[in-house]
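If you count by this note's numbering, then the sequence shown holds residues 236 to 557, one letter each, in order. Heads up, the beta-carbon is just placed ideally off N, CA and C, and yes, glycines get one too. Notes for the one structure printed next.
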Amino acid sequence: MSKKVLVIGESREGSLRNVTFEAIAAANLVSDGGEVVGVLCGDGDLKGMAQEMVYYGAARVITVSNPELKTYTSDGYAQAVQQVIDDESPEGIIMGHTAIGKDLTPKLASRLESGLISDATEVVVEGGDIVFTRPIYSGKAFEKKKITDGLIFATIRPNNIPSLNRDDSLTGAVSEKEVQISNIRTIIKEVLKKSSDGVDLSEAKVIVAGGRGVKSAEGFEPLEKLAEALGGTVGASRGACDAGYCDYSLQIGQTGKVVTPDLYIACGISGAIQHLAGMSNSKVIVAVNKDPEANIFNVADYGIVGDLFDVIPKLTEEIKQM
Ligand code: FAD
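Below is the structure:
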């Protein structure tokens with residue numbers, strides 16, 4: 236049965252995050268030929284980004300611009316999105332499983348007295364039902380879930396559900412909605428950026444990650460060069476962060492970021508279960524470790540037993556020559 240499905244878009248520094256397009260693709264499947272409606276909150280002119288959502292498959296987009304929405308607060312965004320939901324009465328809501336998605340969607344679900352399927356890595360139609368697949372037990376197993384009654388509300392993990400092809404011949408209305416926002420309990424005074432290379436770890440296609448085996452902050456340099464040669468970015472284990480070799484914003488794992496790049500190169504990382512929880516769903520995993528018994532080799536597609544300070548520069552040179 237066709238449904239109206241809202242997609243809550245997410246932008247950063249004036250550009251939509253890729254997961255917004257992936258959410259539109261998921262919403263198209265969930266809607267079963269119904270209407271996919273984008274929602275974009277912020278402050279200022281949001282029309283350009285709203286138009287992009289149309290090119291990626293939203294039938295129409297509602298923009299909500301308000302000075303209170305300049306930076307994300309759960310109070311402000313929940314009030315704004317709730318007012319759109321009240322107007323639209325959708326049968327489904329999809330958003331990215333990002334830091335903002337993880338914060339906003341449970342709040343909305345509780346206000347709407349709805350269930351929520353979080354962190355879906357796949358959405359398919361099975362026997363007429365919409366079935367979501369999501370990891371459980373820190374990624375050691377997957378479960379399939381479907382909502383049999385009420386609102387279909389889900390977040391999707393970035394980099395897992397392919398977006399539709401961009402088609403700039405697609406047309407769809409972009410409308411503005413005014414909202415009332417009051418009693419915001421959080422005031423964001425300043426946003427401090429920690430990582431400077433601009434590539435978002437959770438959306439990166441290639442990650443070269445370093446562990447305690449890199450031995451120092453300088454030890455990350457060969458990894459940075461390899462990441463640059465591959466057009467990727469650098470990540471880390473908690474071991475490397477705890478040792479002060481890099482910033483915690485790079486931490487991947489159970490208590491860090493969850494990533495699903497096309498290529499994950501683990502350098503000097505032993506493969507503790509808490510690290511695997513954040514990267515074991517990467518499409519191709521390469522491990523470089525001098526210990527042949529290291530657990531990381533159990534999840535790796537390709538393993539290199541060796542000293543990372545020999546292997547990584549050689550790999551970088553080879554890749555540069557390709
Ligand atoms: P180590 O385990 O010390 O491994 C270093 C590896 O480097 C070894 O395998 C060694 O053989 C190899 N090595 C050394 N020198 C070289 C060399 N020259 N060349 C090649 N290989 C070399 N960890 C995370 O990563 N992310 C998390 O989110 C996370 N959350 C946690 C949450 C909880 C509640 C707990 C208890 C722990 C968590 N941890 C997390 C920590 C986790 O248990 C491990 O301690 C951590 O992942 C180990 O980091 P590591 O692999 O870099 O270091």
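Query - Boundaries of the alpha helix (DSSP H) in which glycine 513 is found, first to last residue - result: 508-514
Requested in this report: Measure the C-alpha to C-alpha separation of valine 469 and phenylalanine 455 and round it to an integer number of angstroms.
Outcome: 8 Å
Query raised in the report: At what residue ranges does the region 475-535 contain a whole run of the alpha helix (DSSP H), taking only runs of 4 or more?
Result: 508-514
Query raised in the report: At least one CB of chain B closer than 8 Å to the CB of glutamate 378: is that the case?
Result: Within the model displayed, chain B is absent; a lone protein chain is all it includes.
Query raised in the report: Just how far apart, CA to CA, sit glycine 273 and methionine 288?
Result: 7 Å
**Report entry** Contact test: valine 523 Cβ vs ligand 1 heavy atom, cutoff 7 Å
**Finding:** yes
Query raised in the report: Taking 7 Å as the line, does the beta carbon of serine 515 fall inside it for any heavy atom of ligand 1?
Result: no
Query raised in the report: Quick one: complete beta strand (DSSP E) runs, 3+ long, within the region 365-401?
Result: 376-380 and 387-391
Query - glutamate 411 classed as buried or exposed, judged by whether at least 16 other C-beta atoms fall within 10 angstroms - result: exposed
Query - Residues of its chain near valine 523, where Cβ-Cβ distance is below 6 Å and the 5 sequence neighbours each way are ignored - result: Cys502, Ile539, Leu543 and Val546
Query raised in the report: Do you know how far the Cα of tyrosine 290 is from the Cα of serine 404?
Result: 7 Å
Report task. Report the residue from Val449, Arg420 and Val493 whose alpha carbon sits nearest the alpha carbon of aspartate 310. Result -> Arg420
**Report entry** Of the residues Val434, Asp526 and Gly474, the one placed nearest glutamine 509, counting alpha carbons only
**Finding:** Gly474
Requested in this report: State whether the region 263-277 contacts the region 305-323, with contact taken as three or more CB pairs (one from each stretch) at a distance under 8 Å.
Outcome: yes
Requested in this report: Measure the beta-carbon distance from glutamate 357 to threonine 368 and round it to whole angstroms, keeping in mind my assumption that it falls under 8 Å.
Outcome: 4 Å
Query raised in the report: Alpha carbon to alpha carbon, how far is lysine 381 from threonine 390?
Result: 13 Å
Report task. Starting from the Cα of leucine 386, find the closest Cα among Glu553, Asp477 and Gly327 and give me that residue. Result -> Gly327
Report task. Provide the residue span of the beta strand (DSSP E) that contains arginine 346, from first to last. Result -> Arginine 346 -> not in any beta strand (DSSP E); alpha helix (DSSP H) instead, spanning 334-347.
Query raised in the report: ligand 1 heavy atoms versus the CB of leucine 543: any closer than 7 Å?
Result: yes
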